[in-house]
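Numbering (this note's numbering), first residue to last: 4 to 307.
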């Protein structure tokens with residue numbers, strides 16, 4: 004349950020937003036909290052013209068307070084610009100930054116039962132975000148497995164959306180038994196579970212120039228994590244399949260949506276994950292030693 008401190012911060016956010024909306028020419032939102040509308044009506048200061056990502060930032064904050072949340076302070080217009088990029092990670096369509104278009108970027112929460120923390124936000128094309136709606140991760144996974152167009156999204160698009168949601172869901176719930184295919188290159192601000200990190204490593208090693216000399220050594224290190232002859236066979240089968248898969252896909256992350264390749268990866272990883280995680284632990288500490296994941300997840304205020 005949220006305490007007095009959060010209630011005070013919420014009221015302050017509403018007052019600040021009301022003044023900002025009036026200053027920058029936003030319409031008066033009759034569905035917004037009363038404190039926001041009162042501050043909007045009371046504003047008598049100068050008028051200003053907003054820039055694109057400032058408008059996105061204010062709009063995100065308005066949506067948050069209408070749902071009883073406050074956008075995390077780490078989320079700024081500059082940060083929204085950084086996480087948006089140029090293309091939708093689900094449709095791969097280039098974003099349109101003017102007018103009204105299904106390809107306009109829509110910045111929203113990935114997990115609808117979490118707050119507006121940076122690690123729970125992503126920029127999706129409006130067409131994708133509308134199809135996602137209020138669906139949970141579990142619902143998106145179920146749709147992705149149907150192999151049919153649903154709400155205008157192809158099976159691959161649903162799988163990419165599930166892949167994008169998987170890291171936050173896995174971190175927030177602590178669920179490690181489900182391993183979902185990596186179908187997008189994970190943005191740096193989102194959590195990436197170890198299983199998907201390993202898929203990303205294979206994808207980079209096999210699909211990027213410059214790894215030809217070191218690839219055999221890297222493969223040998225991970226193959227050595229196998230705990231049985233059958234898991235080593237699965238590893239070898241995965242390596243055999245990965246290069247033709249890369250050649251066959253327009254978007255490299257889609258390789259893990261090929262059933263035979265992902266099945267081989269899954270058989271090896273499930274038998275070897277403890278050894279793999281131990282091997283990667285030192286690298287994780289070096290890269291993320293200053294990140295308190297428990298503190299970040301606690302700030303999401305996840306609901307049941």
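Backbone N, C-alpha and C fix where the C-beta goes; we use that ideal spot for every residue, glycine too.
Candidates 184, 113, 189, 135, of which the one nearest residue 335 by Cα: One cannot answer for residue 335 here, as it falls past the ends of the chain, which runs 4 to 307.
When we look at the beta-carbon of residue 202 and count the other beta-carbons within 10 Å, is it buried (16 or more) or exposed? buried
Extent of the continuous beta strand (DSSP E) run through residue 109: 108-112
Local Cβ density within 10 Å of residue 87, reported as buried at 16 or more and exposed below that: buried
Identify whether residue 73 lies in helix, strand or coil by the three-state DSSP scheme. coil
Do you know how far the Cα of residue 50 is from the Cα of residue 255? 47 Å
Helix, strand or coil, according to DSSP, for residue 97 in the structure here? strand
Taking DSSP as the reference, what is the three-state secondary structure of residue 3? Here the chain comprises residues numbered 4 to 307, so residue 3 is not present and cannot be evaluated.
I'd like to check one pair, residue 147 with residue 158: are the Cβ atoms closer than 8 Å? yes
Could you please give me the residues that DSSP links to residue 90 through a beta bridge? 97
Just to confirm my understanding: we take residue 56, look at its own chain, exclude 5 residues before and 5 after, and list those with CB closer than 8 Å. What are they? 80, 81, 83, 84, 87
Along the chain, where does the beta strand (DSSP E) that runs through residue 125 open and close? 124-128
Classify residue 264 as helix, strand or coil using the three-state DSSP reduction. helix
On the DSSP letters alone, give me the boundaries of the alpha helix (DSSP H) that residue 232 sits inside. 232-251
According to DSSP, residues forming a beta bridge with residue 153: 156
Quick check on the DSSP output: the alpha helix (DSSP H) that includes residue 217 runs from which residue to which? From DSSP, residue 217 is part of no alpha helix (DSSP H); its letter is neither H nor E.
Quick one, which of 216, 111, 152 has its alpha-carbon nearest residue 167's? 111
Should the region 278-285 be regarded as contacting the region 244-261, the criterion being three or more beta carbon pairs within less than 8 Å? no
From this set, 217, 156, 177, 95, which residue's C-alpha is nearest residue 126's C-alpha? 95
If you run the structure through DSSP and keep just helix, strand and coil, what is residue 10? helix
By Cβ distance, which residues of its chain are closer than 6 Å to residue 17, with the 5 residues on each side in sequence left out? 36, 38, 39, 68
Closest residue to residue 178 among 130, 140, 100, 43 (Cα-Cα distance): 140
Pull up the CB-CB distance for residue 238 and residue 208, whole angstroms please, since I reckon it's below 8 Å. About 13 Å; that fails the 8 Å criterion.
Neighbour-count burial assignment, residue 219, 16 or more Cβ in a 10 Å radius: exposed
Would the beta-carbon of residue 175 fall within 8 Å of that of residue 213? no
Report the rounded CA-to-CA distance for residue 90 versus residue 170, giving the unit in angstroms. 20 Å
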